[in-house]
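Visitor: Here the sequence shown stands for residues -26 to -1, 1 to 434, numbered as in mature numbering (1 follows the signal peptide of the UniProt record, and there is no 0). Glycine is no exception: its CB is placed at the ideal position from the N, C-alpha and C atoms.
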Amino acid sequence: METGDIHVAFFVLIAAVAGLVCEAGAATISVPGDFSTIQDAINAANDGDEIVIGPGTYTGDLQVPAKSITLRSSDPNDPGIVASTVIESNLAVAIRVLSTGMAPVVIEGLTITGGDAATGGGINVSSSTVFVRRCVLTENNAIDGGAIGVLLNSSVVCEACIIQDNTASEDGGALSCDGGSKVVFVDCTVTCNFAGDDGGAIQSSGEVEFRETMIMENSAGGDGGGIFNNGDLLLLNVVLAKNTADGFGGGMFSFSPGPPPNTDDVRIVNSTIAGNSALFDAGGAGVDASFMPLISNTLSWGNSPNGLIVGFSGADVSHCLVQPDGPFGPGNFSLDPLFVDPAACDFRLQPDSPAIDAGLNSLINSIDTVLTDIDGNPRFVDGDPMRGEDAIVDIGAYEFQNAIVCAGDCDANGTVDFNDLVAMLFEFGVSDDGRCDADGSGAVDFNDLVAALFAFGPCP
């Protein structure tokens, strides 16, 4: 079973457990309505209960012991509500989750700040499963894991979170993940964090994944300005930019003390590594000799010194744009990628970028089944089904969108026309066909033909 399949099965199982908890009967508890403090509400809650926290500033040092509950603001989708619903701690962990096992705890729509601890100043997770959604973690401090510390075979998913301005005196300004634990970041922004030693943003010896995530402007006093890794690592649709290290690996540094070949899995796919710097070497990314990494469809440009340094001869580095000339491999080259505005951290591609259509489709297809870029735009936008031409994936985190597109515009030329109708008929009954699936149902069917007829003409 592939690693991605394992993760899917794992989180499906967690969802099933959560469903069973909810079926048992769940209550909604209001703070300050039902209880004046969040901790009192936690103490009174049973498995499956939801604690809804009204706007205001609340004292941290919260403990969630061995129960599956939800802590959320009154509207996690409203940034104003999130900003005004604050858990503020002082010289203690803001939220500590203990020994819940696979029964999940959900933390959603809160601003968590002021935490201070040995590990995980904002959120400390031990032997637990936690989902953190639409939260802001800022100005937390710890020895390791300024914002989040993940310990003792825990699993954490961070989705649509902002993690910024956190500090670790040693490792992992934003996150520290120990061996045996798993962390997944999806659609997050991790910026302006600092670590005195390694991993300005991230330090992990466990298993971490970053998808559709920006890791920017973090700094480390040691190695790995953005990421320091000595476990399993996946970067997919990630921007790793403008991070700095006073040692090796401005963007990231993967290191393992074991002899080569190491069984740890390092994969960097369709990501952009740009504008990072290191004092010694591997300004973009350094992967130690004991790893056997897969680096594909990835763009490394404007890093100092060097771009990618991969020390093991068995590494698979292909279809990458690397400055200066990077590792030898099929499809690798070195040309200015023509970013839109790198000074303003806009690493999208200009229309004449050489990174457009320079990737290899099979490399991303083998990693992910949701074929979108970091912006959520489709990866394959400029093929011509009428001529039997498949769209080719771009190199980097952003797919160039070459036209205004709309539902039913199969060939992404900005117009729903006869060619699109023919393409739909050709793909009729096909699942997961992307743009020909106008209604997003998962298959091309009669409803898609009707939608295309109604949209016939130029895209709005």
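So which of Ile201, Ser101 and Val243 has the shortest CA-CA distance to Ile269?
Guide: When only C-alpha atoms are compared, the closest one is Val243.
Visitor: Give the secondary structure of Asn335 by DSSP, where H, G and I count as helix, E and B as strand, and everything else as coil.
Guide: Three-state DSSP puts Asn335 in a helix.
Visitor: Would you decide whether Gln37 is buried or exposed? Buried here means 16 or more other CB atoms lie within 10 Å of its CB.
Guide: So Gln37 counts as exposed.
Visitor: Sort Gly303, Phe307 and Ala329 by Cα distance to Val314 and report the nearest one.
Guide: Ranking Gly303, Phe307 and Ala329 by Cα distance to Val314 puts Ala329 first.
Visitor: Is it buried or exposed, Phe302, if we count other Cβ atoms within 10 angstroms and call 16 or more buried?
Guide: Label assigned to Phe302: exposed.
Visitor: Going by Cα to Cα distance, which pick from Ile117, Glu181, Phe105 and Gln297 is closest to Ala66?
Guide: For the residues Ile117, Glu181, Phe105 and Gln297, the minimum Cα distance to Ala66 belongs to Ile117.
Visitor: Have a look at Ser48 and Met226 and give me their C-alpha separation to the nearest angstrom.
Guide: Approximately 37 angstroms, taken between the alpha carbons.
Visitor: If you follow the alpha helix (DSSP H) that Pro421 is part of, which residue opens it and which one closes it?
Guide: Correcting the residue identity first, residue 421 is Asn in this sequence and not Pro. Segment Phe420 to Phe428, the alpha helix (DSSP H) holding Asn421.
Visitor: Does the stretch 155 to 162 come into contact with the stretch 82 to 98, if we say contact requires no fewer than three beta-carbon pairs (one atom in each stretch) closer than 8 angstroms?
Guide: Flag = no, the stretch 155 to 162 and the stretch 82 to 98 do not touch.
Visitor: So, is Gly362 buried or exposed, given that buried needs 16 or more other C-beta atoms within 10 angstroms?
Guide: Residue confidence for Gly362 is low, a pLDDT of 44 falling below 50, so the modelled location carries little weight; the figure read from the coordinates is stated next. Exposed, since its Cβ has fewer than 16 Cβ neighbours within 10 Å.
Visitor: When you compare the CB positions of Val291 and Gly281, do they come within less than 7 angstroms of one another, or not?
Guide: Against a cut-off of 7 angstroms, the Cβ pair of Gly281 and Val291 comes out as no contact.
Visitor: In angstroms, rounded to a whole number, what distance separates the CA positions of Cys132 and Phe392?
Guide: Cα-Cα distance, rounded: 43 angstroms.
Visitor: Grouping DSSP H, G and I as helix and E and B as strand, with all else coil, what is Val367?
Guide: Here Val367 sits in coil by DSSP.
Visitor: The ligand PLP and Gly303: does the residue's C-beta get closer than 6 angstroms to at least one heavy atom of that ligand?
Guide: This structure does not include the ligand PLP; it has no bound ligands of any sort.
Visitor: Compute the Euclidean distance between the alpha carbons of Thr87 and Ser251, then round it to the nearest angstrom.
Guide: Cα to Cα, Thr87 sits roughly 29 angstroms from Ser251.
Visitor: Going by beta-carbon coordinates alone, are Thr44 and Val80 separated by less than 7 angstroms?
Guide: Yes. Within cutoff.
Visitor: Could you tell me which uninterrupted beta strand (DSSP E) segments, each at least 3 residues in length, are contained entirely in the stretch 82 to 119, listed from first to last along the chain?
Guide: Fully enclosed beta strand (DSSP E) runs of 3 or longer: 85 to 87, 90 to 93, 97 to 100, 103 to 107, 110 to 112 and 115 to 118.
Visitor: Between Gly147, Asp326, Arg353 and Asp349, which lies nearest to Ser336 when the distance is taken from Cα to Cα?
Guide: Closest option to Ser336, Cα to Cα, is Arg353.
Visitor: If you reduce the DSSP assignment to three classes, tell me which class Ser193 lands in.
Guide: Looking at Ser193 - three-state DSSP - the assignment turns out to be strand.
Visitor: DSSP state of Cys410, grouped into three classes?
Guide: Looking at Cys410 - three-state DSSP - the assignment turns out to be helix.
Visitor: Going by DSSP, which residues form a beta bridge with Tyr32?
Guide: BP columns for Tyr32 point to Ile61.
Visitor: Around the Cβ of Asp197, are there at least 16 other Cβ atoms within 10 angstroms (buried) or fewer (exposed)?
Guide: Buried: at least 16 other Cβ atoms inside 10 Å.
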